[in-house]
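K.L.:
Here it is: the structure, laid out below.
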Amino acid sequence: MAKILVTGGCGYIGSHTIVDLIENGFDVISVDNNSHSNPAILEGVEKITGKKIKNYRVDLCNFDDTFAIFHENTNIEGIIHFAAFKSVGESVQKPLTYFENNINSLINILKCVQEFHIPYFVFSSSCTVYGNPDQIPVTEKTPPKAAESPYGYTKQMGEQIINEFSKSTPVQSILLRYFNPVGAHPSIQIGEMPVGKPQNLVPAITQTAAGILPKLTVFGDDYDTRDGSCVRDFIHVCDIANAHTLALKYLIQGKTKARCEVFNLGTGRGVTVLEAIRSFEKVSNIKLNYEIGPRRAGDVVAIYANNDLAKQKLGWDPKYTLDEMMLTAWLWEQKLKADTTIFGGQPKELN
Ligand code: WQD
50 MAKILVTGGC
60 GYIGSHTIVD
70 LIENGFDVIS
80 VDNNSHSNPA
90 ILEGVEKITG
100 KKIKNYRVDL
110 CNFDDTFAIF
120 HENTNIEGII
130 HFAAFKSVGE
140 SVQKPLTYFE
150 NNINSLINIL
160 KCVQEFHIPY
170 FVFSSSCTVY
180 GNPDQIPVTE
190 KTPPKAAESP
200 YGYTKQMGEQ
210 IINEFSKSTP
220 VQSILLRYFN
230 PVGAHPSIQI
240 GEMPVGKPQN
250 LVPAITQTAA
260 GILPKLTVFG
270 DDYDTRDGSC
280 VRDFIHVCDI
290 ANAHTLALKY
300 LIQGKTKARC
310 EVFNLGTGRG
320 VTVLEAIRSF
330 EKVSNIKLNY
340 EIGPRRAGDV
350 VAIYANNDLA
360 KQKLGWDPKY
370 TLDEMMLTAW
380 LWEQKLKADT
390 TIFGGQPKEL
400 N
């Protein structure tokens, strides 16, 4: 059974991907220093899969500690690298912290890939690498523009580092560009746990509906879009997770033709912020308390994916609807609120 190392395995997408990997017959270990995640999420993974996941509580910026994991686990066949700081807004406030953490941790992992001859590497990238695209939907060939934040730059730089690295070693890599991951596993045993006040739309919606936040602010309704609010490609986190399993299978089965391939992970449908709110109101039967506020600096006006390549080459077929994304997000928020004992307080803000 192929052993896969998942970095950031206690995170939102990492934990959902571990579930999908196990359900597809992979053996998984996690490394996560829990600076931005709660190890209790792996209890939820165990409830779903019946498997207890070992997590190495290691900071990937510490090379010796990272190296030791590979010494102890000599049969790692693939790595999925999620671990990174990921708040667009926070990265603007703390650029050096973001460059230091996201780039150093990636380089340390790649040094271990080289030293231990790991054959397959999957990287968590982002549609933020496209910046504000001139044409939508974006394909993998759409030229990246200037990133809108230090976070976006760490993803652009990460892709370039992996591209060059893959030319000089036998490793085969895949870069997965997520659009807007939302929702929770249908078992409602795992889901998103934002650190502090949520920056992203969907947890801000669910926390407003749960009374944790007093009101949602819609950042602008005067854009040149069908209803004036921004357009995004919301994609269920379980569809994102399954794409990682399919990407690994694609590599292991030797189907890749290049040393480093890129795939968009979006539904291919653009949804406005106000349409997302309507969907939430419909599935929750709650009238959401929101106001229209000023635009948010750095926001892309409209972006959504052309996902043909992932469908054709990986056999990926995203299946969750917008309503299902909103419903699972809402059910998870209610569980979080009810089970504060299990998940305790939120992880600390970045120190
Ligand atoms: C979406 C829309 C906001 C909060 C995210 C991730 C990024 C990348 C892409 C993975 C925008 C509006 C939000 C609120 C609002 N994913 N909004 N009120 O900025 O598209 O980026 O997806 O790597 O890492 O951050 O997501 O959810 O912050 O914003 O009106 O309280 O919702 O203006 O138009 P974004 P988001």
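Those letters in the sequence shown? Residues 50 to 400, per my numbering, in order. All C-beta atoms, glycine included, are put in the ideal place defined by N, C-alpha and C.
(1) Can the beta-carbon of Ser-84 be found less than 8 Å from the beta-carbon of His-130?
(2) Would you list the one or two residues that DSSP bridges to Val-171?
(3) Hey, which unbroken runs of the alpha helix (DSSP H) at 4 residues or more fall wholly within the stretch 239 to 270?
(4) How long is the line joining the alpha carbons of Val-349 and Asp-372, rounded to whole angstroms?
(5) Reducing DSSP to helix, strand and coil, say where Gly-201 ends up.
(6) How about Glu-197 and Gly-180: are their beta carbons less than 8 Å apart?
(7) Reducing DSSP to helix, strand and coil, say where Phe-312 ends up.
(8) Using a 10 Å radius around the Cβ and a threshold of 16 neighbouring Cβ atoms, would you call Met-375 buried or exposed?
(9) Use the C-beta contact count for Gly-394: other C-beta atoms within 10 angstroms, 16 or more gives buried, fewer gives exposed.
(10) Start and end of the alpha helix (DSSP H) containing Val-141?
(11) Is Lys-264 close to the ligand WQD? I mean its beta-carbon at under 7 Å from any heavy atom of the ligand.
(12) May I ask which residues mark the beginning and end of the beta strand (DSSP E) holding Lys-360?
(13) Just to confirm, is the Cβ distance from Leu-38 to Leu-295 under 8 Å?
(14) Report, in whole angstroms, the separation of the C-beta atoms of Ile-284 and Phe-228, which I expect to be a contact under 8 Å.
(15) Tell me whether Arg-275 counts as near the ligand WQD, meaning its Cβ is closer than 7 Å to at least one heavy atom of that ligand.
(16) Could I get the ranges of all uninterrupted beta strand (DSSP E) runs contained in the stretch 91 to 131, with 3 residues as the minimum, in chain order?
(17) According to DSSP, is Ile-158 helix, strand or coil?
(18) Give me the DSSP bridge partner(s) of Val-280.
(19) Can we count Leu-225 as close to the ligand WQD, meaning its CB is less than 7 Å from some heavy atom?
(20) Going by other Cβ atoms of all chains shown within 10 Å of its Cβ, with 16 needed for buried, is Thr-123 buried or exposed?
(21) By how many angstroms is the C-alpha of Ala-346 removed from the C-alpha of Gly-99?
P.N.:
This is what the structure holds:
(1) no
(2) Ile-129 and Ile-223
(3) 250 to 258
(4) 23 Å
(5) helix
(6) yes
(7) strand
(8) buried
(9) Unreliable placement is indicated for Gly-394, whose pLDDT of 46 sits below 50; the coordinate value is still reported in the next sentence. The residue in question, Gly-394, is exposed, as its Cβ has fewer than 16 Cβ neighbours within 10 Å.
(10) 137 to 142
(11) no
(12) Careful: Lys-360 lies outside any beta strand (DSSP E) and carries neither H nor E.
(13) This structure does not reach residue 38, given that the chain is present from 50 up to 400, and the question cannot be answered.
(14) 5 Å
(15) no
(16) 103 to 105 and 125 to 130
(17) helix
(18) Thr-321 and Ala-351
(19) no
(20) exposed
(21) 44 Å
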